[in-house]
Amino acid sequence: MESILPLLGAGLLEAVQPLNFLMILLGCTIGLMVGAMPGLGSVNGVAILLPITFLVPPTAAIIFLAAIYYGAMYGGAISSITLGIPGASTAVATVFDGRPMAQAGKADKALTAAAVASFIGGTISVVLFTLFAPPLAVLALKFGPVEEFALMVLAFATFIGLGGDDIPKTIFSILIGLVLATVGLDIISGQPRLIFGDIPGFLHGINFLVLAIGIYGIGEMLWTLESSQGKITVHKVRMSLGILLGNLKDVKEYIKTTSLGSMIGFFVGTLPAAGATPASLMSYGLAKTFSKDPESFGKGNVAGVAAPEAGNNAASTGSMLPMITLGIPGSPTTAILLGGMIIWGLRPGPLLFTEHPGFVWGLIGSLYIANLVTLLINLAFIPLFVRVLTIPFSILAPVIYILCVVGGYAPTQTMHDVWLMFLFGVVGYLLRKLNYPVAPAVLAIVLGPLAERSLRQSLISSHGDPLIFVERPISAICIALGVALILYPVIKKRLNRKKQAA
Amino acid sequence: MKKIAKTLMLTAVISMAFTVTAFAPKAQAWEPKKPVEFIIMAGAGGGADQIARLLQGLIEQKDLSPRPFIPINKPGGSGGEALLYLQGKAGDDHTVLVTLNSFYTTPVIQDIGVDVSNFTPIGRMALDNFLLWVHSDMADITDLDSYVAAVKAAGGKWKVGGTGSGQEDSILTAMMEKEFGYEVTYIPFPGGGTVAKNLVGKHIDSTVNNPAEQSEFHRAGNTKPLVQFTAERLPAYPDTPTAKELGVDMQYYMQRSINGPPGMSAEAQEWYINLFKTLFDSEEWQTFCTDDGLACDTWLAGSDLGEYHASQIMLHKELIESVGSSAITGE
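Taken in sequence, the protein lines are chains A and B. Numbered according to our numbering, the first sequence spans residues 41 to 542. Numbered according to our numbering, the second sequence spans residues 545 to 875.
Here is the structure:
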């Protein structure tokens, strides 16, 4: 503990040096914009701006890129809330409650909650990072295929175990997502699966963002067209410093879920291969499960906005841990950061902490500062973002439509995915009309490939013996927690009934 | 007066425009007109990925291309996804692929209908090497003999991690199974970086990783190399014997080359050859090769690389036949 403080102090000093501080300011602002644009996630932002970093020293460079990554996590929430299109895959869960809040005229509340939750998530996460980086790196190593699969079971449990929803419909939705997740080349044998004859566009699988933008962007637009019947609805927007401060006070409504989501997010982020998207979805699922009022989720509960935002910011910090200590990226964006480090002549790995303390602690210090900076920038911009909602729907609809097409095209740059996105949009609209929850399908397509791979790897290594999942302690704990989560709503109902009877 | 001035100006502008268009095509050779997709046929963090990102960085740093190179990982199906993608880009001048040996093996093992001899060869950047690695905690295993004894004692339950059926490490694993008469359980992971992590976390018992993927863990004392499958000991690993020294003539290399899709225009091919030759000769690249145990002394480009590919395809077909493709796919 005593050895950490001086290092952290030096790191913070490093981060507030003029050049580095400028990099944080620039990075956070660019990140915010990049994150807010559908289809331009932190991955693209960091990849495009990587070359610029050759002009500055490595520490300033990583600070810049980390700030973009960070800012994008905040920014993703903006289009999720105001337009109903996820700005990035990490902000999909933010749409669930963010969009209904905006439609109810509470966009300012949602945006403030997103910014504050992101700040809390990021800060808790960077504190955990500072205190426990070396032991957590050891824990990350303990996660092999068996533990990864058990974690996926736990992730699914957070969604099946939601009380209130129609359970058979939820399971149906998950299964549809899982089937969609198997499309493409098989991970183990390399054979093509479910490519519908021989459509080459399916070989790379179904991109998760294509599904999410289709369902939430296009589907939502169809829904609004139907429900508004051409009546142009303009939201009333009121914004002042007083209201902003009032919104900040709402923090007590979601501080509990935010803290839980931050821990989950950080932990999931530290595991290589998972990343911020599953973290934000799990955080949302847990928030709903443990809420006193799960019925209100999906209809504009402020905790439903705060939880995923805390989760994704915490995870983005968490995913820096395997990058620095193991040289393995915890998310697609950190994969690019990793490439940058190699170019700057820094070898990420177990020795980076001891051999380049200035670099590592400068980065950690910058995360503290970046958090604060992004929060302030974000809060300052909220009045501007909210104004988007005052645009008449007849103008906004084509804009949303164009952003959806761009967002669907950008990840793989094939028209195939754009058509697929429209298809998902129509299907998503129909599912919604029939009262099917679509969020579980979205979760399944994110987690499906991870779960399938780790399941098959585990069974290969155990020669087909499923007991391997309960024989290993970490895996057994995750599975037990997962089962408990699935049973939780049932038990809660029983208990409530008993209480009423008594 | 104003009108005349305007007309004069207009004439001047138009004639200038004509002169520019008349001279421009001669002075300018082919250059990328949009961002170049830099396809990696393996996952993030592995050897090919590190190389692609280093090259991309050097291209930007040295301002060698008017348009950026964008690395895209397509690791699915032992690189099959990337090969199909490139085949689908036939005639495209803005896509290049950085290869592993699965460039040769995947089309042989999997029926994906890709003939890589149609691809446009650009340049061979390096030959990568293979070493056999185990966790440092395995005190009983100190050399090849004790390794073979341990694997045999495990009776087929010895877990070897790799990057996928048909990838080079699975071929080397199959070659070893045949040579030493044992069987192992082969577990595929997405990318050499993940394999290395799983060895350090003891989820697998051994791997044949490239030096780049293990060097940091080795420096940290987590893993140790037992044998190198090279002709001579690598400068970075002077204390590890080669298989040849131990009386087992097993050598295997992996080429790291850059290739375009089938039917790339000759002008574009030439531009890429010049670009990657510049990178190959750069100090940064040569330093990277030395540090990471890659061999980067011979530059092969264009048709020479095409001939090299042809001979390697033959070699891999023979190798796969001799060990049996089922030994590699583990079916």
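A virtual CB, placed ideally from N, CA and C, is assigned to each residue, including glycine. Because the structure is a prediction, the values reported are computed rather than measured.
Since residue i is in the alpha helix (DSSP H), which residue starts that stretch and which ends it?
i         : result
B/Asn-818 : 810 to 825
A/Tyr-449 : 433 to 449
B/Met-794 : Premise fails: B/Met-794 is in no alpha helix (DSSP H) and is neither H nor E.
A/Asn-84  : 82 to 89
B/Thr-779 : One point to set straight first is that residue 779 of chain B is Pro, not Thr, in the sequence displayed. Careful: B/Pro-779 lies outside any alpha helix (DSSP H) and carries neither H nor E.
A/Arg-263 : Looking at the sequence provided, one finds Trp at residue 263 of chain A rather than Arg. Per DSSP, A/Trp-263 belongs to the alpha helix (DSSP H) from 259 to 268.
A/Gly-51  : 44 to 55
Within the 7 Å Cβ cut-off, does residue i reach chain B?
i         : result
A/Gly-115 : no
A/Pro-240 : yes
A/His-456 : no
A/Ile-102 : no
A/Ile-508 : no
A/Leu-474 : no
A/Pro-58  : no
A/Gln-497 : yes
A/Gly-237 : no
A/Phe-94  : yes
A/Gly-67  : no
A/Leu-443 : no
A/Leu-251 : no
For residue i, which of helix, strand or coil comes out of DSSP?
i         : result
A/Gln-231 : coil
B/Asp-672 : strand
A/Leu-215 : helix
B/His-853 : helix
B/Ser-801 : strand
A/Val-400 : helix
A/Arg-534 : helix
B/Ala-568 : Note that B/Ala-568 scores a pLDDT of 43, beneath 50, so its modelled location is shaky and nothing firm can be said.
A/Ala-133 : helix
B/Trp-677 : strand
B/Gly-737 : helix
B/Ser-750 : strand
A/Gly-241 : helix
Checking contacts by CB at 7 Å: is residue i closer than that to chain A?
i         : result
B/Lys-577 : no
B/Gly-601 : yes
B/Gly-705 : no
B/Gln-758 : no
B/Pro-806 : no
B/Pro-651 : no
B/Val-744 : yes
B/Leu-644 : no
Contact check, residue i vs residue j under 8 Å by CB: the rounded distance?
i         : j         : result
B/Ile-583 : B/Ala-626 : 5 Å
A/Val-445 : A/Val-458 : 6 Å
B/Val-640 : B/Tyr-648 : With 8 Å as the limit, B/Val-640 and B/Tyr-648 do not qualify as a contact, their Cβ atoms being about 18 Å apart.
B/Pro-665 : B/Gly-807 : Incorrect: roughly 13 Å between the Cβ atoms, too far for contact.
A/Ala-150 : A/Ala-142 : 6 Å
A/Val-50  : A/Trp-401 : The question names Val, yet the displayed sequence has Ala at residue 50 of chain A. So it is a contact: roughly 6 Å between Cβ atoms.
B/Gly-620 : A/Leu-407 : Not really, about 33 Å apart at Cβ, beyond 8 Å.
A/Gly-81  : A/Thr-414 : Going by Cβ atoms, the distance from A/Gly-81 to A/Thr-414 rounds to 16 Å, so no, they are not a contact pair.
B/Glu-811 : B/Ala-573 : 7 Å
B/Lys-821 : B/Gly-667 : 6 Å
A/Ala-147 : A/Gly-340 : Not really, about 11 Å apart at Cβ, beyond 8 Å.
A/Ser-498 : A/Val-186 : 5 Å
Following the continuous beta strand (DSSP E) through residue i, name the residue where it begins and the one where it ends.
i         : result
B/Lys-703 : 703 to 706
B/Glu-581 : 580 to 584
B/Pro-523 : Because chain B is modelled from 545 through 875, residue 523 of chain B falls outside the range shown and cannot be assessed.
B/Val-642 : 639 to 642
A/Pro-477 : Looking at the DSSP string, A/Pro-477 is not in any beta strand (DSSP E), and its letter there is neither H nor E.
B/Asn-617 : 613 to 617
B/Thr-729 : 729 to 732
- Message: Whether or not the region 780 to 798 of chain B and the region 668 to 675 of chain B are in contact is what I'm after, with contact meaning three or more pairs of Cβ atoms, one per stretch, closer than 8 Å; do they touch?
- Response: Between the region 668 to 675 of chain B and the region 780 to 798 of chain B, the count of C-beta pairs closer than 8 Å reaches three or more; the two stretches touch.
- Message: Quick test of the definition: if touching needs 3 or more C-beta pairs under 8 Å, does the region 203 to 222 of chain A touch the region 97 to 117 of chain A?
- Response: Per the Cβ contact rule, the region 203 to 222 of chain A is not in contact with the region 97 to 117 of chain A (fewer than 3 Cβ pairs under 8 Å).
- Query: Given 8 Å as the limit, is there contact between the region 323 to 333 of chain A and the region 384 to 395 of chain A, that is, 3 or more CB pairs closer than that?
  - Reply: No, the region 323 to 333 of chain A does not touch the region 384 to 395 of chain A.
- Message: Three or more C-beta pairs under 8 Å: does that hold for the region 316 to 332 of chain A against the region 59 to 75 of chain A?
- Response: Two segments are said to touch when three or more pairs of C-beta atoms, one from each, lie closer than 8 Å; by this definition the region 316 to 332 of chain A does not touch the region 59 to 75 of chain A.
- Any chance the region 123 to 142 of chain A sits against the region 393 to 407 of chain A, with 3 or more Cβ pairs inside 8 Å? With the cut-off at 8 Å, the region 123 to 142 of chain A and the region 393 to 407 of chain A do not touch.
- Three or more C-beta pairs below 8 Å linking the region 774 to 786 of chain B and the region 856 to 866 of chain B: Using a Cβ-Cβ distance cut-off of 8 Å, the region 774 to 786 of chain B and the region 856 to 866 of chain B are not in contact, since fewer than three pairs of beta carbons, one from each stretch, lie closer than that value.
- Is there contact between the region 467 to 476 of chain A and the region 256 to 265 of chain A, where contact requires at least three CB pairs shorter than 8 Å? The answer is yes - the region 256 to 265 of chain A touches the region 467 to 476 of chain A, with three or more Cβ pairs under 8 Å.
- Is the region 230 to 240 of chain A touching the region 53 to 67 of chain A, taking contact as three or more C-beta pairs under 8 Å? Three or more beta-carbon pairs separated by less than 8 Å are not found between the region 230 to 240 of chain A and the region 53 to 67 of chain A, which leaves the two stretches without contact.
- Given 8 Å as the limit, is there contact between the region 363 to 373 of chain A and the region 171 to 180 of chain A, that is, 3 or more CB pairs closer than that? With a cut-off of 8 Å, the region 171 to 180 of chain A and the region 363 to 373 of chain A count as touching, because enough Cβ pairs lie within range.
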